[in-house]
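> Residue numbers (my numbering), protein chains in the order written: chain A, 1 to 109; chain B, 1001 to 1113. The structure that follows is given in the form of structure tokens.
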């Protein structure tokens, strides 16, 4: 069965304190791994797509990496506006995305 | 920048009533989806739609649910007889093609009393 596990569930960082979020997955025939940001009461907002092991994508303070079993979202020198829930989703051979439960990030000024 | 829109933002209904949630996907996208998120839980897939028919559905998407593309721009989710456990955020999403990024709308919060 296709599964996605994210850790930690919650993370509190001081402004400027870098860290990483983990997404472990089990999927038949990975077609893509997707990172989203979700603010309270809003829809998921697309951040990155990764398609193959070894791939890396970067945007401002965020960098996403992919191996055959997991993905990391690295946050460098975070700011309070980076506070949100970060969701990981995978797509296998079907159309649906399988989402993890997310990591709730709080960045303290 | 094109975006997925959804209406209404919040719908309150009584148990047993029918509701229709509406979505306008991004205009050049061919695949459309509905997901739901119960408060505090993960985003769950309901159904995908392509070429005017359902291409995939989950176990959640039972006979109480239906989807329709009534015209060239709208995509709807109908729940025939709502239950308390249908209370959730419902997200519409669209993608140009399967395997590509799914862009999500802002959601409709459905409250069943």
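The C-beta atom is built at its ideal place from N, Cα and C for all residues, glycine as well.
May I have the straight-line CA-CA distance separating residue 1013 (chain B) from residue 60 (chain A), to the nearest angstrom?
42 Å
> If the criterion is Cβ atoms closer than 8 Å, does the pair residue 65 (chain A) and residue 85 (chain A) meet it?
no
> If you count every other CB in all the chains shown that lies within 10 Å of the CB of residue 1036 (chain B), and 16 or more means buried, which is it?
Sixteen is the threshold: when 16 or more other Cβ atoms of the shown chains lie within 10 Å of the Cβ of residue 1036 (chain B), as they do, the residue is buried.
> Between the beta-carbon of residue 1045 (chain B) and the beta-carbon of residue 96 (chain A), is there less than 8 Å?
With contacts defined as CB atoms closer than 8 Å, residue 1045 (chain B) and residue 96 (chain A) qualify as a contacting pair.
> Note down, in chain order, every chain B residue with its Cβ under 8 Å from the Cβ of residue 96 (chain A).
1033, 1045, 1048, 1056, 1058
> Between residue 1072 (chain B) and chain C, is any beta-carbon pair separated by less than 8 Å?
No chain C is part of this structure, whose protein chains are labelled A and B.
> Give the residues of chain B in contact with residue 29 (chain A), contact being defined as C-beta atoms less than 7 Å apart.
Result: empty, since nearest Cβ-Cβ is about 11 Å, beyond 7 Å.
> Would you decide whether residue 1039 (chain B) is buried or exposed? Buried here means 16 or more other CB atoms lie within 10 Å of its CB.
exposed
> For residue 1103 (chain B) and chain A, any beta-carbon pair shorter than 8 Å?
The beta-carbon of residue 1103 (chain B) is placed less than 8 Å from the nearest beta-carbon of chain A.
> Are the stretch 16-25 of chain A and the stretch 67-74 of chain A touching, with three or more C-beta to C-beta distances below 8 Å?
yes
> Cα separation between residue 1022 (chain B) and residue 1106 (chain B)?
12 Å
> Within 8 Å of any Cβ in chain A, is that where the Cβ of residue 1098 (chain B) sits?
yes
> Check distances from the C-beta atoms of the stretch 5-32 of chain A to those of chain B and list, in chain order, the residues that come in under 7 Å.
31, 32
> Find the residues of chain A that neighbour residue 1078 (chain B), judging by a C-beta separation of less than 7 Å, and give them in chain order.
In chain order: nothing, as chain A lies at least about 20 Å away.
> From the beta carbon of residue 3 (chain A), is the nearest beta carbon of chain B less than 8 Å away?
no
> How about residue 1018 (chain B) and residue 1081 (chain B): are their beta carbons less than 8 Å apart?
yes
> Have a look at B:1011, B:1056, B:1015, B:1042 and flag the residue whose alpha-carbon is nearest the alpha-carbon of residue 1033 (chain B).
B:1056
> Measure from the C-beta of residue 85 (chain A) to each C-beta in chain B and report whether the shortest distance is under 8 Å.
Residue 85 (chain A) is outside the set of residues whose beta carbon lies under 8 Å from a beta carbon in chain B.
> With a Cβ-Cβ cutoff of 8 Å, do residue 1112 (chain B) and residue 1083 (chain B) count as a contact?
yes
> Residues of chain B with a CB under 7 Å from the CB of residue 122 (chain A): which are they?
In this structure chain A extends from 1 to 109, so residue 122 (chain A) is not present and cannot be described.
> What is the DSSP secondary structure of residue 1030 (chain B), reduced to helix, strand or coil?
coil
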